[in-house]
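What follows is a set of notes on a single structure, which appears directly below.
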Amino acid sequence: MARRIADLGHEPKLIYPQFVRPFVKSNKNDFVDAEAICKAASRPSMRFVKPRRQWPPCIGSGTR
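Each residue of the sequence shown is one higher than the last, beginning at 1 in full-length UniProt numbering.
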């Protein structure tokens, strides 16, 4: 997904889930998750992860 967003000209920023976990206050739901991600991403000390590059499919990796 991040590669597709980058292809459209945007700069995706990925965060490891363990860096967001300290910002979650209650049970999991989409609103709480989004709020925690926004708080974590707004920190100046947050470390972002580069998207992985796409690997070509392996040829000849089939088994008998």
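Note that the Cβ used here is the ideal one computed from N, Cα and C, for glycine as well.
Worksheet item: According to DSSP, what are the bridge partners of Leu14?
Response: Position 14 of the sequence shown, counted from the start, is the residue given in the question as residue 14. For Leu14, the pairing in a beta bridge is given by DSSP as Val49.
Discussion item. With three or more C-beta pairs closer than 8 Å as the rule, is the region 24 to 32 touching the region 8 to 16?
Written reply: Using a C-beta cut-off of 8 Å, the region 8 to 16 makes no contact with the region 24 to 32, since fewer than three inter-stretch Cβ pairs fall below that distance.
Fill in: Identity of the residue in Arg3, Lys50, Val20, Asp7 nearest Ala41 by Cα
In the sequence shown, residue 41 corresponds to position 41, counting from 1. Per the Cα distances, Val20.
Worksheet item: Would Ala6 be called buried (16 or more neighbouring beta carbons within 10 Å of its own) or exposed?
Response: In the sequence shown, residue 6 corresponds to position 6, counting from 1. It is exposed - the Cβ of Ala6 has fewer than 16 other Cβ atoms within 10 Å.
Discussion item. Just verifying my parser: in three-state terms, what is the DSSP assignment at Val24?
Written reply: What you label residue 24 is simply residue 24 of the sequence shown in a count that begins at 1. DSSP places Val24 in coil when its eight states are reduced to three.
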